[in-house]
Amino acid sequence: MIGSGFFTVAVDAAHMATRTRAHVFVSGTVQGVYYRANTRDTADEMDVDGWVKNLNDGRVEAIFEGPKDAVEGMVEWCYTGSPAADVEDVTVDYEEPRGEDGFEIRY
0 MIGSGFFTVA
10 VDAAHMATRT
20 RAHVFVSGTV
30 QGVYYRANTR
40 DTADEMDVDG
50 WVKNLNDGRV
60 EAIFEGPKDA
70 VEGMVEWCYT
80 GSPAADVEDV
90 TVDYEEPRGE
100 DGFEIRY
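Below you can see the structure in the form of C-alpha cells.
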C-alpha cells in the first residue's frame, strides 16, 4: 500500500509539473458583451480549467490552468475575446498551479 500511495503522489506531482496557471485581467468593453460566456466556452474547447468573473471596476478577471500551450492560447484569445468586446489591455501573471478542476463563471 505504501508503494501504491507513493505512486499516486508521484503521478499527481508529475501532472501538476506539466500544468501552468495564468491570472488574467482584461480591460475595455468586456462586460455586457458575453465575454465571460465566450471565455468559458473557449476554455472548455481548449481543455483549460479555472474561472472568469466581472469586477466592479469594469474589468474581467480570469484564472486559466492547464497545459502550457493551452493556457497560453487562452491568454492570446483574451486579446480579442467575444465578438462584441473591445479589449484595451490584458495583464497576466503566471503562478504555480493550484489544482483547478473544470471551468466556471463566478459571480
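Residues in the sequence shown are numbered from 0 upward in steps of one, following numbering that gives the first Met the number 0. A virtual CB, placed ideally from N, CA and C, is assigned to each residue, including glycine.
- A distance below 7 Å separates the beta carbons of proline 96 and arginine 18.
- Shown here, alanine 83 sits in coil according to DSSP, grouped into three states, outside any helix or strand.
- Under the three-state reduction of DSSP, aspartate 92 is assigned to strand.
- Counting along the chain, no alpha helix (DSSP H) covers glycine 49; the unbroken beta strand (DSSP E) around it starts and ends at 48-53.
- Bounds of the beta strand (DSSP E) holding glutamate 64 are 59-66.
- The Cβ atoms of arginine 20 and phenylalanine 102 do not sit closer than 7 Å to each other.
- Taking a C-beta distance under 7 Å as the contact criterion, aspartate 48 and glutamate 99 qualify as a contact pair.
- Aspartate 43 has its alpha-carbon roughly 17 Å from the corresponding atom of glutamate 60.
- In the DSSP assignment, threonine 19 falls within the unbroken beta strand (DSSP E) covering 18-28.
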